Structure formats: C-alpha cells, structure tokens
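To start, the structure itself, in structure tokens.
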Amino acid sequence: MPTGDLTRRTLGRIALGALTATALPATAATAAHASTTPGTPYYDRARRLAADDPVHPALANALHPAPIPPPPPTRITDDLAVLSVGFVHAMALTTDRGIVLFDALESPDDARTTIEPGLRALGADPADITHIVITHGHYDHFGGAQYLADRHGARVLMSPTDWDLVEADGHEHAPRRDIETTDGHRLDMGSATITLHHTPGHTPGTISALFGTRDRDRPRTAMLWGGTNPPTTPGELRTYLDSIAAFRHRMHTAGADIELSNHPNDHGLQRMQDIRDDPDAPNPFVLGRHRTDRFMKVMDLMIQGRLADAQA
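For the sequence shown, the positions run -28 to -1, 1 to 284 when mature numbering (1 follows the signal peptide of the UniProt record, and there is no 0) is used.
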C-alpha cells in the first residue's frame, strides 16, 4: 500500500484535529501541538465545529493504531449493508436490478470469507452482484474485485486515472481494466440511481458516490466519500480542497442526509453496533442534511490547516 494510506495497524492517523508525528515530521507535529503552526487556527475551528457530536470528533481525532476486530455484517438501511474486516469496509446496495458493491476489501480471501457469506447472512445472494465500484486504486479496496467479477459476472468500475494507478502498481490481486467512469457517471439500478463523482486528492482518481436508499421505507440520499487520508504536498492538498468543495455542492443539490465512509474514521463501527443493539432506535447513519454537510466542512477546515502547514 502506498505510504500514507490507511493500513490495518495504523489507520492513517488522519489527524483531523489531533496532529501527531505520524501525520507530520516530528518538528512540525511538535509545533502543531504547541499551537504555533499556520494550520492551527483551522484545526481549532474544526474542533469547535465538531463539538460533542459523536460522528465528527471521530473524523477529527487520530485513530487508535491497534487492530480492529471485524464486525458482523450489518444492514444499516433497508437496502444497504456494510461488510467489513474492521479497518476497511465494503458496502452492498441491493436494488431491483442487482447488487452494487462499493469496494471489495483486500483480497479474494476477504471476498470469500467476508463479502459472500455476509451477504448470505443478510438474506442476499452474491450471485446478484452486478457492479463493483472501486472508490480508489489501493489494494484494500480492490483486492476481492476480480474474484467476484469472475465468479458472478459483475462489472468493475474505476476512474481512468486510478485504473492507470492500479496497472502501474502491478498488485497480484489487481482487477483487469473494465469500465472507466466519467465524472458524474450514473448507474440506473431501477430502485436506486447512483452517481459517481471524481474527487481526486486521496488518489489522483478517487471516486465519491451519491445514491438513493431507503430507511424504514423512507427515501434517503447517501453520500460516500471515497478517500479520507489526505496527501502532503500543497498542490495535492489544493486539489483535495477543490474536490471537497465540488462534492459538497453536489451533496447539497442531491439533499444528502446519510454520511458513509469506507474506513472507520467516522464513528461508523460504533454506529453499526448501535443498530445491532437497538434496531428500533433512530438510525445513527441518518445525520440529516446539516450534519452531513458539517462532516465535509470539518474535513475542509482540517485540509486548509494541512495546506497552511505544508506551505509553511
């Protein structure tokens, strides 16, 4: 996996609110803790914005480096399930034209032991997988894709830039180039329409998704940010900020009220546990439009802080 990407034991320490030596060189990290860097006002504003909302501090704090036990497969809305190995998730949207899988975990073994049995445990058939959307070209997101494509005839989608990234990397489980997405690529799945937006930053061709789902038979709109751990150079950080701004506008237009992440950097594992503990309680993934937008605003402020520090 490329340096700086989220790994099993060091979940990136995104440092959105708690910069550590894993996020910056030691001298810069020390300065950040002393509130002396140019980025500090942005970090402080993000912490204040996150406040005590249980979702946003999870985004704003560095994550614990210990291994995360995999949770059981969990249906988080009527038609959306999370299939996770702990440090990274795949998500399955069941539609009347088949199952769309967002990411495919690390390996064919993950597909065999987590995705397929997880779907069956939730009453779905893996043979119904028709599309696999790879949010970005890191192996912990594409590793099981070719196995599932070969076994179930699913089509694999990725941005052209990240297809190039995957091919250049030459990973043993890399999927064969299939569908190249365009910015705004639409999948009409009958009961749900999925729109895939190019949001470069985490990788040059990261994809973030907006799609319809239903929670207790009420229509909702979910957003899935495709790659959270930020780059390091000023130019890449400016690209990341541009992607945040563009996607926030699209979220607003679509009325996104459910926030999703493919890593547990958003209190997601705890929210899944809440659903399993009390299925009748209000859905903790339904943040509403304001809190869903605020998730992106916290990220925007933290990346502005990263940019200020990088430029200094």
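Note that the Cβ used here is the ideal one computed from N, Cα and C, for glycine as well.
Being a predicted model, the structure only gives us computed values, none of them experimental.
Two segments are said to touch when three or more pairs of C-beta atoms, one from each, lie closer than 8 Å; by this definition the segment 216 to 230 does not touch the segment 94 to 110. Runs of the beta strand (DSSP E) lying entirely within the segment 136 to 208 and spanning at least 3 residues, in chain order: 157 to 160, 165 to 170, 179 to 187 and 190 to 197. One Cα belongs to Ser180, the other to Ala253, and the distance between them is close to 28 Å. Boundaries for Val27: no beta strand (DSSP E) harbours it, and the DSSP string shows neither H nor E there.
The beta-carbon separation of Ala228 and Met195, rounded to 4 Å, stays under the 8 Å limit for a contact. Comparing alpha-carbon positions, the option among His170, Ala140, His143 and Glu144 lying closest to Glu152 turns out to be His170. For Leu55, the pairing in a beta bridge is given by DSSP as Ala62. In this structure, the straight-line span from the alpha carbon of Met130 to that of Ser56 is close to 20 Å. C-alpha of His124 to C-alpha of Leu273: approximately 42 Å in a straight line. Within the same chain, Thr107, His108, Thr171, His174, Thr178, Ile179, Ser180, Ala181 and Asn234 come within 8 Å of Gly198 by CB-CB distance, once the 5 residues on both sides are set aside. With three or more CB-CB distances shorter than 8 Å, the segment 108 to 118 counts as touching the segment 139 to 146. Annotation for Phe114: the continuous alpha helix (DSSP H) segment containing it runs Tyr111 to Phe114. For Asp51 against Thr185, the beta-carbon gap comes to about 6 Å, under 8 Å, which counts as contact. With a 10 Å radius around the Cβ and a threshold of 16 neighbouring Cβ atoms, Arg266 comes out buried.
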